[in-house]
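A.B. asks:
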Amino acid sequence: MAAPDTKQEIVDAFADMVRSDSLRKVRVATLIDKLGINRNTFYYHFANKYEVALYKFRVDLAFVLASRIDKCDLISAPLNATAPTEMLPYYTHVEIGARTLDFSAFYRALVECVLKDEPFYRKVFAVGEPEFETLFSELYRPAIEADIRFILGGRYLPAPTFDFMATMLVGHLSSILRYALAHPGDADNLLDDRVNPFWNMPYEALVHGLQMHPVNRLRKK
């Protein structure tokens, strides 16, 4: 078994390589050689390089969430398959009314997280990294689907419409981060509620839309 700090050494060396080049061009073989470890040691901790990137994101985000949001409002999940008992916060559930949620603090935490290491995350969230995008989406999709069910409160919504909404909201997370990473100089304004009170707009629109346009079950012909 590897030494206790080997996992973090892998993450740190990997992050340096991504900052210097790109996620796509980083090779596990090169990382292994750089650290002087064998393949089994790497794969004991991670299935692939994209899991390393997601692990770093999870750890970085957990630190920001824990410092910004009440513990009772945080949702945690295992870091990865090799550490099923290592739970870290990655999402929030803040109720502000009947079937109404506030994600303003969560969105701000996401942006703060990636801007703390902008050279790394700009490469990771690049449009040309579909493998990482898939892992990121798989992490948040179940939680966002649970949010939609909470907002629906038992009201009917056809499966294709539900899937559309979930896909749209998951994609919104990536879009927010890509925008923030492309405009790091605007961070002070983006994170200031006095000039940008619109963080929760996607969920406010969802709640309003469901209230204004209830969907009825279609009768079979």
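In our numbering, the protein residues as written are 23 to 243.
For every residue, glycine included, the Cβ atom is placed at its ideal position computed from N, Cα and C.
The structure presented is a predicted model; accordingly, all values stated were derived computationally and were not measured.
(1) Reducing DSSP to helix, strand and coil, say where glutamate 31 ends up.
(2) Would you kindly work out how many angstroms separate the C-alpha atoms of leucine 53 and alanine 181, rounded to a whole number?
(3) Of all the options Asn222, Val40, Gly176, Ala69, which has the alpha carbon lying nearest to the alpha carbon of histidine 115?
(4) Here's the rule: buried if 16 or more other CB atoms are within 10 angstroms of the residue's CB, otherwise exposed. What is methionine 23?
(5) With a threshold of 7 Å on Cβ separation, who are the neighbours of leucine 96 within its own chain once the five nearest residues in sequence on each side are excluded?
(6) Quick one: residues in its chain with C-beta nearer than 6 Å to the C-beta of phenylalanine 128, no 5 flanking neighbours on either side, listed in chain order?
(7) What residue range is occupied by the uninterrupted beta strand (DSSP E) comprising tyrosine 113?
(8) Report yes or no: do the segment 132-152 and the segment 228-236 share at least 3 C-beta pairs separated by less than 8 Å?
(9) Grab the span of the alpha helix (DSSP H) containing serine 98 for me, first residue to last.
(10) With DSSP as the reference, identify every bridge partner of leucine 123, one or two as the case may be.
(11) For the segment 69-88 against the segment 26-46, do three or more pairs of beta-carbon atoms, one drawn from each stretch, fall closer than 8 Å, so that the two count as touching?
(12) Taking DSSP as the reference, what is the three-state secondary structure of lysine 56?
(13) When the cut-off is 8 Å and only beta carbons count, does methionine 187 lie next to chain C?
(14) Find out if the Cβ-Cβ distance for the pair threonine 28, isoleucine 59 is shorter than 8 Å.
C.D. replies: Reading it off the structure:
(1) Looking at glutamate 31 - three-state DSSP - the assignment turns out to be helix.
(2) A direct Cα-Cα distance of roughly 43 Å separates leucine 53 from alanine 181.
(3) Closest in alpha carbon position to histidine 115, among Asn222, Val40, Gly176, Ala69, is Asn222.
(4) Note that methionine 23 scores 41 on pLDDT, short of 50, meaning its location in the model is unreliable and no value can be drawn from it.
(5) Around leucine 96: Leu87, Pro111, Thr114.
(6) So the qualifying residues of the chain are Thr114.
(7) The continuous beta strand (DSSP E) containing tyrosine 113 extends over residues 109-114.
(8) In short, these stretches do not touch, since the Cβ pair count stays below three.
(9) Where serine 98 is concerned, there is no enclosing alpha helix (DSSP H), although the beta strand (DSSP E) it sits in stretches over 96-100.
(10) Under DSSP, leucine 123 forms a beta bridge with Glu117.
(11) Yes: the two stretches touch, three or more of their Cβ pairs being nearer than 8 Å.
(12) Helix.
(13) The question asks about chain C, but that chain is absent: this structure has only one protein chain.
(14) In contact: threonine 28 and isoleucine 59 (Cβ atoms closer than 8 Å).
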